[in-house]
Amino acid sequence: MKVTVTVNGRQVAAEVADRTLLVHFVRDVAGLTATNVGCDTSSCGACTVLLDGQSVKSCTVLAAQADGCEVTTVEGLASEPGEMHPVQRAFHAEHALQCGFCTPGMVMATVSLLAENPKPTEEQVRSGLEGNLCRCTGYHNIVRAVLAASER
Amino acid sequence: MSILGTRVVRTEDPRLLTAGGTYVDDLRLPELAGAARVTFVRSPFAHARITGIDASAAREAPGVVAVLTYSDIDDIPPPPPPPEGGPPPGSEAAPMPLGGPWQEPLLAVDKVRFVGEAVAIVLTDDSYQGEDAAELVVVDYEPLPAVVGIGEALAGGTLLFPDAGSNIPVAHPAGDLAFDGCDVVVEREIVNQRVAPVPMEGRAAAACWVDGKLTVWVSTQNAQISRFILAGAFGLDPGTIRVVAPDVGGGFGAKVGLDRDAIIVAWAARHVGRPLRWVETRSENLTGMTHGRAQRHTVKIGGTRDGRVLAYRLDVVQDTGAYPRMGGFLPTLTNLMAPGPYDIAHVVAGYRVVVTNTTPISAYRGAGRPEATAAIERAMDLFAAEIGMDPAEVRRKNLVPSDQFPYQSPCGALYDTGDYIGGLDKVLAGAGYADLRAEQARRRERGDVVQLGIGVSSYVEITAADADNGETARLVVHDDGTATVYTGSSAHGQGHHTSWAMIVEADLGIQMEKVTVKHGDTDEIPLGTGTYASRSLQLGGVAVHRANLEVKEQARKLAADLMEASEADLELDTDSGRWQVRGDPGASRTWADVASHAGAEGLTAFVHYTDGAPTFPFGSHVAVAEVDTETGKVTLVRHVTVDDAGTVLNPVLTEGQRHGGIAQGVAQALLEEMVYDAEGNPLTGTLADYATITAAELPSFELLVSETPATINPLGAKGIGEAGTIGATPAMQSAVIDALSHLGVRHIDMPTTPVRVWTAISEARASQ
Amino acid sequence: MIPAPFSYHRAWTVEDALDLAAQHGDDAKFLAGGHSLLPLMKLRLAVPQVLVDIGRLPEFRYIRDDGSHIAVGALTSHHDLAESSLLASELPLLAHAAGQVGDPQVRHRGTIGGSLAHADPAADLPAVILALDATLVARGPSGSRPIEAAEFFRSLFETALEPGELLTEIRIPKPSAAGWSFQKFTKRAIDWAIVGVAVQGSNVALVNMGQTPVRASAVEQALAAGASPREAAAHAAEGTSPTDDINADRGYREHLARVLVARGLEESRSRA
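So the protein sequences, as listed, match chains A, B and C. At position 108 of the first sequence (counting the first as 1) the number is 108 in this note's numbering, and the numbers step up by one without a gap. At position 11 of the second sequence (counting the first as 1) the number is 1011 in this note's numbering, and the numbers step up by one without a gap. At position 167 of the third sequence (counting the first as 1) the number is 2167 in this note's numbering, and the numbers step up by one without a gap.
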């Protein structure tokens, strides 16, 4: 079937198998490989993108369900090439990433969290990120980054 | 002012944050254009004979290029026998997979020995087709009794390798120890449970052969070792193999080298004459990637009533899973570190390795040392409880005093530098230990439902255990004054690009922004050892430092010639990065000037640093836990640590390693366990069931600063990568037990899940 | 990791949806948020040949004050339920429980209708609507019909919905008793409840204590007879059939039910 998704402001249209997952549409059709697949039970959040502004696990959405919708990935956050979005800047400043594999999903989950709750408490940040697993950082600096980004 | 020791954010980040890393599945290279995808057919049985494989339906499925089994492998030489006269493989001197009767095939031949073992591979144009086609491969199995658990393995009723005659591939059992003079002796069997490493990126590899030359891109912690393994597997000259480690999404010891499934991919690419790419799913990863820990300990500790420990015996049984891939390596390290940071007069330690019908075991963050620490810390707490002494006090009485270094432990390790008592005192002060005990007492008196537990751990661990393998660094200063470092280390999150650039800036005054660091490509860096065992700063960083110094001396000669001055009169101003005549800053030359003057061979040095030695970071942790005594639920409220790995190069990176280590350590104590049923079926084979820890279960950590330099290297560096994990697990476990000690609870095996905690509470109450 | 092949049809109207379902019969399943169905399909534990996507039917996302009851459209997301100020004042139990489902990403996609139709006894919302004495509205080819919550959950993953029927609305009477509590006991915050308790006034329903969500009738009877929360809670496990799994055995679940019912009743009283 034909699926058309606006990814980071660019319309991407393709003929894909009905069962194509949105994460594979983003990675293989739109060619944006920053968003990663980390599990197969919708547990890890590495595939998190924004779908019409809300964080979703793109491995648990069919590309067909996103037909006609807008998707934002980490590659589409900065307003200019070479620039960084405040959340990206905060992650950098607070050493909130190590291997980087969970990071795109973590950043997008953060953007959505702060859009819905601009000044979260530490506890709200921790529960707000419970759908995003990280094995490297112990979350300590990720929480600091989210709190830092929230004060900007 | 040197940049070393200052907080520097990572140069690696902007790319990772804006474009994302390039992991194996992200590679879009001409060599991999048209690569087929690999999907494995894996055994659903823990132990079975294979009586037939019918791939005919699978071969007809859409997009299938080939379906391959063991019978297609006709082009790989048999593995060489162990070298004559050398130590037997799998012994402490040669930790390699055991061959002979314990040989692990590439694809299952006539038997499978663990759920998840590779039986066949399906090659398709895309991965969706691969899953469909793999379902159509029909394998006939005749199930055999599964050996699950150490008890069954030792009993030997069923043998995994009948030709071997037992389920015990390696054994150095603990001898007896007389506990003479001990007023008090406590003995207990404890479990260090099997866990899964769960790096966020699973295993992945891509391979292509062009004119007999093999290139493999693999998610690995060391490309050079992987090349060595591939050369051995195929009987090829390493010079015809290139291995590339692209960005790697975590390893934690489980991606040292490359494993059998990746070798199969490389073989299959040659067999079908097409490049291949394999990216495992998470479910595959949880049973296909090696697991960690899985030791059973019998600890026996004895001492005097005033708190002095006189004797300790540790008997380890290592469950190594279906194939003894690491021989006796892990329990050897456990035995080496058995006494921990304590000065115990008589220590005996030994081990046996057993095979079971479960996923093979290999290194996982700490690799044998967390097990040693968990054992001695439990033993110390059991001893403390027996004599009615505060566990911190018992530790202080037994820690190796600061004036005893270098300290020769009775198990053969030479602890280099340390301040164990200082570390303990610092963490107790930082945690407010006396106040915590007072709060605990108040809650006990009130009979609160939610009780408070305080767990104290002290540890020492061995890093760069294989220091004699060393590490390499090649530094090139280019004509434009920029520099490139080619390192044998292989960061997968540790920030080496930032750290090595810092070292170049500190030594040579070449600004970090002008320093490029490269790793992980055997064409560019044929010799290197890689990143594991917390070795990279103290070996790889020191190699960079030495290369800097060699380049500096070459540069001095070049500058002297350029400036028509004598070498003795020249100095390098590391703030400005300029060579100048002492006392005459007006006449100076830049690195660009000097490098341009170097001639055809360029301004470069190569160092293979092999005269380091293992170092011994140490520390103490305090974990504060709340336990709901009606439900058994545990909440970690605070975690305070001292983790001393010598001089800190970049506090940002060191803290990050400590945070991540603490989280994994706490997770083992509180949540994680790979569980198998009696038939060897994994019950925790997906991330829905295997309980990795999330941000919601953890507090922010309280890290205290402590730097007791190593003396073996000029950076004063030991290794921080695994220390946090080693200290955190016993502190967390101890906190849970401590919360219930007034009820008579003396021990709860990890993980201290709510049902286990509640069971311990119920049993304690019932027996009162 | 990838579902078996299927053909996807988007329903643009509810009639479309019903026609497609009728056409394909047993081969078809409705797809709303997909966060119960797609995970099963990815593991190939469910292999429908046809998916009818009702997820964007606009007329089923609402939360409406209908006087004596609150009407919730079946395609309202957990996120919208959790954020609704109307629910916060009229049905805080539902708002709070919806905010506990999964994690934020799951709540953005998962719907109340999808969760109820999936009927996992370990899920949060089935027990909540049971405690709230809700009426579910099902629509099929021959029209709409109401189904009481007490009749809706038949067995594990089985409801009173006929093949080809779709949930359109959940009608919840405004509670006469104001107190409420939701006790969700988990190992980790994102986990399914090992045991859960939903309390509205003196209505008590249990999560994960059987093949369906169940009302703790013995507890309710004890309360009606004048028992205190702790006394009534002692009956929490009566008439239940909890399972054994890696997180809990039957005895532990029964114990948790007693503890959580007591806490739930006490908390509910404190809010009344």
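We treat Cβ as the ideally placed atom computed from N, Cα and C, and that holds for glycine. Computed from a predicted structure; not experimentally measured.
- Message: Is the separation between the beta-carbon of Gly1685 of chain B and that of Ser1283 of chain B shorter than 8 Å?
- Response: Here residue 1685 of chain B refers to the residue found at position 685 when the second sequence is read from its first residue. Here residue 1283 of chain B refers to the residue found at position 283 when the second sequence is read from its first residue. Cβ distance < 8 Å, so Gly1685 of chain B and Ser1283 of chain B count as in contact.
- Message: Which residues does DSSP list as the beta-bridge partners of Ala2138 of chain C?
- Response: The residue you call residue 2138 of chain C lines up with position 138 of the third sequence. Looking at the DSSP assignment, Ala2138 of chain C forms a beta bridge with C:Arg2145 and C:Leu2167.
- Message: Is it buried or exposed, Val1138 of chain B, if we count other Cβ atoms within 10 angstroms and call 16 or more buried?
- Response: Counting from one through the second sequence, the residue named residue 1138 of chain B turns up at place 138. Answer is exposed; the Cβ neighbour count stays below 16.
- Message: Quick test of the definition: if touching needs 3 or more C-beta pairs under 8 Å, does the segment 1191 to 1201 of chain B touch the segment 31 to 48 of chain A?
- Response: yes
- Item | Cβ neighbours of Pro1095 of chain B in the same chain (closer than 7 Å, five flanking residues each side left out) | Start at 1 with the first residue of the second sequence, and residue 1095 of chain B comes out as number 95. Residue placement at Pro1095 of chain B is poorly supported in this model, since its pLDDT is 47, which falls under 50; the coordinates still yield a value, given next. These residues qualify, in order along the chain: Met1326, Gly1327 and Phe1329.
- Item | Extent of the continuous alpha helix (DSSP H) to which Val1736 of chain B belongs | Translated into the one-based positions of the second sequence, residue 1736 of chain B becomes position 736. Per DSSP, Val1736 of chain B belongs to the alpha helix (DSSP H) from Ala1723 to Ala1739.
- So, is the C-beta of Leu97 of chain A closer than 8 Å to a C-beta in chain B? For the purposes of this step, residue 97 of chain A is taken as residue 97 along the first sequence, with counting starting at 1. Yes, Leu97 of chain A lies at the interface with chain B (some Cβ there is under 8 Å from its Cβ).
- Item | Complete alpha helix (DSSP H) runs within the segment 2033 to 2114 of chain C (minimum length 4 residues, chain order) | 2037 to 2042, 2078 to 2083, 2085 to 2090, 2092 to 2098 and 2104 to 2109
- Task: Using the Cα positions of Glu1571 of chain B and Ala1506 of chain B, report the straight-line distance between them to the nearest angstrom.
- Result: By 1-based counting over the second sequence, the position of residue 1571 of chain B is 571. By 1-based counting over the second sequence, the position of residue 1506 of chain B is 506. Their backbone Cα atoms lie some 14 Å apart in a straight line.
- Which whole-angstrom value is the C-beta distance of Ala109 of chain A and Leu129 of chain A, which I expect to be below 8 Å? For this step, residue 109 of chain A is matched to residue 109 along the first sequence. For this step, residue 129 of chain A is matched to residue 129 along the first sequence. With 8 Å as the limit, Ala109 of chain A and Leu129 of chain A qualify as a contact, their Cβ atoms being about 6 Å apart.
- Message: Just list the residues that DSSP pairs Ala1605 of chain B with in beta bridges.
- Response: Indexing the second sequence from 1 puts residue 1605 of chain B at position 605. Its beta-bridge partners are B:Leu1475.
- Drop a sphere of 10 angstroms on the beta-carbon of Thr2212 of chain C, count the other beta-carbons inside from all chains shown, and report buried for 16 or more, exposed for fewer. Position 212 of the third sequence, counting from 1, holds the residue named residue 2212 of chain C. Under this definition Thr2212 of chain C is a buried residue.
- Message: Tell me the residue span of the beta strand (DSSP E) that contains Gln1053 of chain B.
- Response: Locating residue 1053 of chain B in the second sequence gives position 53, counting from the first residue. The sequence as given places Ile at residue 1053 of chain B; Gln does not occur at that position. Unbroken beta strand (DSSP E) run through Ile1053 of chain B: Ala1048 to Asp1054.
- Message: With a threshold of 8 Å between beta carbons, is Pro1754 of chain B in contact with chain A?
- Response: Along the second sequence, one-based indexing puts residue 1754 of chain B at 754. No - not a single Cβ of chain A is within 8 Å of the one on Pro1754 of chain B.
- Any Cβ of chain C within less than 8 Å of the Cβ of Ala1691 of chain B? Working through the second sequence from its first residue, we reach residue 1691 of chain B at position 691. Yes, Ala1691 of chain B lies at the interface with chain C (some Cβ there is under 8 Å from its Cβ).
- Message: Which runs of the beta strand (DSSP E) at least 3 residues long sit entirely within the segment 1460 to 1538 of chain B? Give them in chain order.
- Response: 1471 to 1477, 1483 to 1487 and 1515 to 1518
- Message: Along the chain, where does the beta strand (DSSP E) containing Pro1585 of chain B start, and where does it finish?
- Response: What you label residue 1585 of chain B is simply residue 585 of the second sequence in a count that begins at 1. That run of the beta strand (DSSP E) goes Asp1584 to Thr1590.
- Query: Exposed or buried, Met1001 of chain B, counting other C-beta atoms within 10 Å across all chains shown (16 or more means buried)?
  - Reply: Working through the second sequence from its first residue, we reach residue 1001 of chain B at position 1. The residue is exposed, with fewer than 16 neighbouring Cβ atoms inside 10 Å.
- Using a Cβ-Cβ cut-off of 7 Å (strictly less than) and excluding sequence neighbours within five positions of Trp1500 of chain B, which residues of its own chain qualify? Indexing the second sequence from 1 puts residue 1500 of chain B at position 500. Counting only Cβ-Cβ distances below 7 Å, and skipping sequence neighbours, we find Val1485, Thr1487, Val1517, Gly1541 and Val1544.
- the segment 1157 to 1164 of chain B / the segment 1707 to 1725 of chain B touching (three or more Cβ pairs under 8 Å): no
- Item | Validate contact between the segment 1181 to 1190 of chain B and the segment 1335 to 1342 of chain B using beta carbons, cut 8 Å, 3 pairs | no
- Query: Under the three-state reduction of DSSP, which class applies to Lys1255 of chain B: helix, strand or coil?
  - Reply: By one-based count along the second sequence, residue 1255 of chain B stands at place 255. Here Lys1255 of chain B sits in coil by DSSP.
- Message: Cutting at 8 Å between CB atoms, please list the residues of its own chain near Gln1511 of chain B, excluding the five before and the five after it.
- Response: Here residue 1511 of chain B refers to the residue found at position 511 of the second sequence. Counting only Cβ-Cβ distances below 8 Å, and skipping sequence neighbours, we find Glu1505 and Gly1577.
- Bridge partners - Ser1458 of chain B, DSSP secondary structure assignment: Here residue 1458 of chain B refers to the residue found at position 458 of the second sequence. Beta-bridge pairing links Ser1458 of chain B to B:Ser1620.
- Item | Where the alpha helix (DSSP H) containing Trp1102 of chain B begins and where it ends | Numbered from its first residue, the second sequence carries residue 1102 of chain B at position 102. It is not in any alpha helix (DSSP H) - Trp1102 of chain B carries neither H nor E in the DSSP assignment.
- Got a sec? Which residues, its chain only, sit under 6 Å from Gly1528 of chain B by beta carbon, not counting five neighbours each side? Taking the second sequence and counting its residues from 1, one reaches residue 1528 of chain B at position 528. Cβ within range, chain order: Gln1224, Thr1472 and Gly1488.
- Query: Do the CB positions of Ala1268 of chain B and Cys1208 of chain B come within less than 8 Å of each other?
  - Reply: Walking along the second sequence from the start, residue 1268 of chain B turns up at place 268. Walking along the second sequence from the start, residue 1208 of chain B turns up at place 208. Taking 8 Å as the Cβ cut-off, Ala1268 of chain B and Cys1208 of chain B do not qualify as a contacting pair.
- What residue does the beta strand (DSSP E) around His1639 of chain B start on, and which one ends it? Taking the first residue of the second sequence as position 1, residue 1639 of chain B is located at position 639. Here the beta strand (DSSP E) through His1639 of chain B covers Val1634 to Asp1644.
- Item | Contact list for Met84 of chain A against chain B, beta-carbon separation under 8 Å | The residue you call residue 84 of chain A lines up with position 84 of the first sequence. Residues of chain B passing the Cβ test: Pro1014, Leu1017 and Thr1018.
- Query: For Glu1601 of chain B, is the classification buried or exposed, using 16 other Cβ atoms within 10 angstroms of its Cβ as the cut-off for buried?
  - Reply: In the second sequence, the residue the question calls residue 1601 of chain B occupies position 601. Exposed.
- Query: Which one of C:Ser2228, C:Arg2154 and C:His2255 has the shortest CA to CA distance from Gly2196 of chain C?
  - Reply: In the third sequence, counting from the first residue as 1, residue 2196 of chain C sits at position 196. Here the closest residue by C-alpha is C:His2255.
- Item | Proximity winner among B:Leu1382, B:Glu1763 and B:Gly1632, relative to Pro1394 of chain B (alpha-carbon distances) | Locating residue 1394 of chain B in the second sequence gives position 394, counting from the first residue. Note on residue identity: the sequence assigns Val, not Pro, to residue 1394 of chain B. Per the Cα distances, B:Leu1382.
- Message: Strictly below 9 Å CB to CB, what residues from chain A border Phe2006 of chain C?
- Response: Position 6 of the third sequence, counted from the start, is the residue given in the question as residue 2006 of chain C. Simply Asp18 and Arg19.
- Task: Inspect the beta-carbon positions of Val71 of chain A and Val26 of chain A and report whether they are closer than 8 Å.
- Result: Numbered from its first residue, the first sequence carries residue 71 of chain A at position 71. Numbered from its first residue, the first sequence carries residue 26 of chain A at position 26. Taking 8 Å as the Cβ cut-off, Val71 of chain A and Val26 of chain A qualify as a contacting pair.
- If you run the structure through DSSP and keep just helix, strand and coil, what is Pro1014 of chain B? Counted from its first residue, the second sequence places residue 1014 of chain B at position 14. Three-state DSSP puts Pro1014 of chain B in a helix.
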